[in-house]
Amino acid sequence: MNPSLDPDARAALLEAQMTQDEKLRLVLGFFGVKGGSIFSRGAPPEYQAELRNTAGFIPGIPRLGIPSLVESDAGLGIANSANTRPGDEATALPSGLAMAATWNPDLIFQGGAALGAEARDRGYSVVLAGAMNLARDPRGGRTFEYAGEDPLLAGTIAGAEVAGVQSAHVISTVKHFALNDQETGRRELSAEIGEAEARESDLLAFEIAIERGAPGAVMCAYNRYNGVYSCENPFLLNEVLKRDWKYPGWVLSDWGAVHSTVESANSGLDQESASGFDRQLYFAAPLAQALADGSVAPARLDDMVHRILRTMFVRGLVDNPPTPRLSDIAGHLATAQLEAEDGIVLLRNEGALLPLTSHPRSIAVIGGHADIGVLSGGGSSQVMPIGHSLANEFPVGGPVIVLPGGARAMPLSGHVFDPYSPLVAIETAAPEAHIIYANGEDIAVAVSAAKNADVAIVFALQWMTEGSDVPNLSLPGTQNALIAAVAAANPRTIVVLETGGPVLMPWLANVPAVVEAWYAGNGGGDATANVLFGEVNPSGRLPITFPASEDQLPRPVLPGLDAHGAWFDVDYVEGADVGYRWFEKKNLVPLFPFGFGLSYGSFRIDGAQASGGATIAVSANVTNDGSVEGKETVEAYAVPPGPDEPARLIGWSKIDLAPGETHRVSITADPRLVAQFEVDRDRWHIAKGDYGVRVGTSSQSLGDMMHVTLDEQVLPP
Ligand code: BGC
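Everything in the sequence shown is counted per the numbering used here, starting at 2 for the first residue and increasing by one.
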């Protein structure tokens, strides 16, 4: 209890007092819901009273003052999946992809801090946030939870969220380590990709997030990587995470992701989470047996315990344990709205239809349950939002198709709509307009509403959930037909998309304005209206490529659809060239490129300069030469030497400029972004040579190529 000692020293003193039984207790987790559930053998009776109906629980050791760990899902707000804590509402943040679309790590830090505070104020100590698997397939059911397709963007955004969460003195994770990039067969698939390609893509994203966020724990994933389960994968856990990255925290398993005792313990797993989800107990008695017969060394158990205890000291859980109190919900809702506003992407705005500053006399608002709220994604990250009532659960346009081979269905039946309603926000923003709402189920009714209005706004939904991928990128049900019919009836039609990720837009040529609002959370209704009416100048940028068709994807057909529970491989033919890099390599023209997003203003980028040497540095002037204040994001991309190298994002700068204002932005690249990973020498290698550098406003609208020379350099892994 001497806070002047460092966390490692304190942990060591504590370990010296612990019996082997106590150590074994600290590395075994239980499902946090009282009595267990259909999914899980519950926690033993002696712990039932302490369970908080959250995702997980690790009993403390009162004799030594070690507090219990209460784990909650929380990437997008404090989750309350299936409403297991009736009435426990929390601030619903926008989806992870919406957060990534802000390209604004400072704001995402604030959202993380709000989330961390809501965890702490409930007495929770471990926040299972930081979901950040690379979006290798936009159909992936958790695309909405993750942070897009680029390692730098995903790592930066997830790292910022984690740092924010932990600023509230609770522990955060990053997850799911690693290559858990689709839901179909997530427990059966093996992600097949070479080490160099993995290090330069998915693993680099985690490396960046861990450097920036210093998460106390890393959650290993369900899937296998090159044939070996993530939670017993010595390459991922022992070599990459702990040896190369010198990660000092602990590795906890995903719920039901452990398959062995000796292999897991010796490969680097430090804690079996929610052990009732696993086929059998693997830590506890079997681990004691492995220690007794020498197949797991006592030092390994000590290392597991040390990692957990030192992290608890680092985060202040022992000195200053979380205690329940009321949260600053009003403040958190304001932050959630700022995130939503910063992440909304204006995709199309022909004839400057938006913003609606011309005071339309009548507006037809159509579809998407816009009278109720904004859609959210399903699964373990599901928040019961502030203002939630069961009336907010509806089926959306079309059946939810659970693909064969998908993980077991999540226990959430309804589709949760986060208050507050965009319809009400539109009514508030346009008090003089006559506003009609048509729910969109009857296309003829919607068409007649649109015909009689100055402007038609169609809200369209694509629901995504953990546990299954979407079958394709089309808006479900009759929504495409609805949009086409409304656009034919009213040339001033605006489509607001509330989607987990990219969707196809067969009606695009006939719809003058399209706004991608994602799953925008509790502040989403107001944020959307603020963008539509010009209170907010949109500044979000796509964190993921919107393909023109599924045929453009590296795997046009989702692997594993016919696996029916059998093991199968997912061949990552794109290697490290995920998303926009694949599109460039294959000369494919997407519907909307990575990094794209319009503004109501206009900006000019000029005077770009780039320098080389040890790394690439870029600077450029950005001028607001329009008439409205707004934020511009200057994106920098580099092309390494060699044939066939697509450009890679090396940095960006998002700045707010008043009309007429000019600012010079500077971006210095992390050299690993243009390096090759040399597997045989276990190092990054930056080749000497000519690197192309371009700046611009999306991966496809870039200024002239500049050339710099980089020195040869090697960096530790
Ligand atoms: C998910 C994790 C989540 C855990 C606990 C798993 O199904 O993959 O992201 O943290 O459940 O709810």
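All C-beta atoms in this analysis are idealised placements derived from N, C-alpha and C, irrespective of residue type, glycine included. Model, not experiment: these values are computed from the prediction.
Per DSSP, the beta bridge partners of C221 are F178 and S254. Here the C-alpha atom of E646 lies approximately 43 Å from the C-alpha atom of V487. Relative to the Cα of N321, the nearest Cα in the group R188, P555, Q281 and I67 belongs to I67.
Just measuring C-alpha positions, the residue of G388, V425, N491 and D271 sitting nearest A451 is N491. Remark: C-beta atoms of S191 and F569 approach each other more closely than 9 Å. By DSSP's assignment, W685 forms a beta bridge with F678 and L716. Judged by DSSP secondary structure, L498 falls within the beta strand (DSSP E) whose first and last residues are T494 to T500. The segment 568–633 contains, as complete alpha helix (DSSP H) runs of 4+ residues, the segments 581–586 (chain order). For a cut-off of 8 Å, the C-beta gap from L238 to V229 is around 10 Å, too long to register as a contact. For E636, the CB stays at least 8 Å from every heavy atom of the ligand BGC. Listed as beta-bridge partners of E193 by DSSP are D572. Between the segment 417–425 and the segment 364–380 there are three or more C-beta pairs closer than 8 Å, enough to call the two in contact.
For M707, the pairing in a beta bridge is given by DSSP as V694. One Cα belongs to P642, the other to G690, and the distance between them is close to 6 Å. Proximity to A132 across G156, R123 and Y125 peaks at G156, based on C-alpha coordinates.
Pairing G525 with D419 gives a Cβ-Cβ distance under 9 Å.
No residue range can be given for H170, since it is assigned to no beta strand (DSSP E) and is classified by DSSP as neither H nor E. No heavy atom of the ligand BGC is found nearer than 8 Å to the CB of G66.
Burial state of S359 is exposed, judged by a 10 Å Cβ sphere holding fewer than 16 other Cβ atoms.
If you ignore the 5 residues before and after P106, its C-beta comes within less than 7 Å of the C-beta of T157, I158 and A161, all in its own chain and listed in chain order.
Note on geometry: alpha-carbon atoms of G112 and R137 lie some 26 Å from one another. The distance from the Cβ of V306 to that of M313 is about 11 Å, inconsistent with a contact at the 8 Å cut-off. Bridge pairing for E90: absent [DSSP]. As the crow flies, the alpha-carbon of G613 is around 57 Å from that of D294. Secondary structure of G541 (DSSP, three-state): coil. A450 has its CB no nearer than 8 Å to any heavy atom of the ligand BGC. Rounded to the nearest angstrom, the Cβ distance from F178 to S261 is 17 Å, too far for a contact under 8 Å. Looking at the DSSP output, D74 shares a beta bridge with L129.
Residue burial annotation: E575 is buried, with at least 16 other C-beta atoms found within 10 angstroms of its C-beta. The beta carbon of A615 lies closer than 8 Å to those of P672, L711, D712 and Q714 in the same chain, with the five residues before and after it left out. By the neighbour-count definition (other C-beta atoms within 10 Å, threshold 16), E433 is an exposed residue. Shown here for F145: same chain residues with a beta carbon closer than 6 Å to its own, the five before and five after excluded, namely S96, L98, G378, M465, G501 and Y520 in chain order.
Taken from the Cβ of W251, every heavy atom of the ligand BGC lies 8 Å or farther away.
In the DSSP assignment, the residues bridged to I367 are A439 and V459. An exposed status is given to R280, since fewer than 16 other beta-carbon atoms sit within 10 Å of its beta-carbon. The ligand BGC has a heavy atom closer than 8 Å to the beta-carbon of M220.
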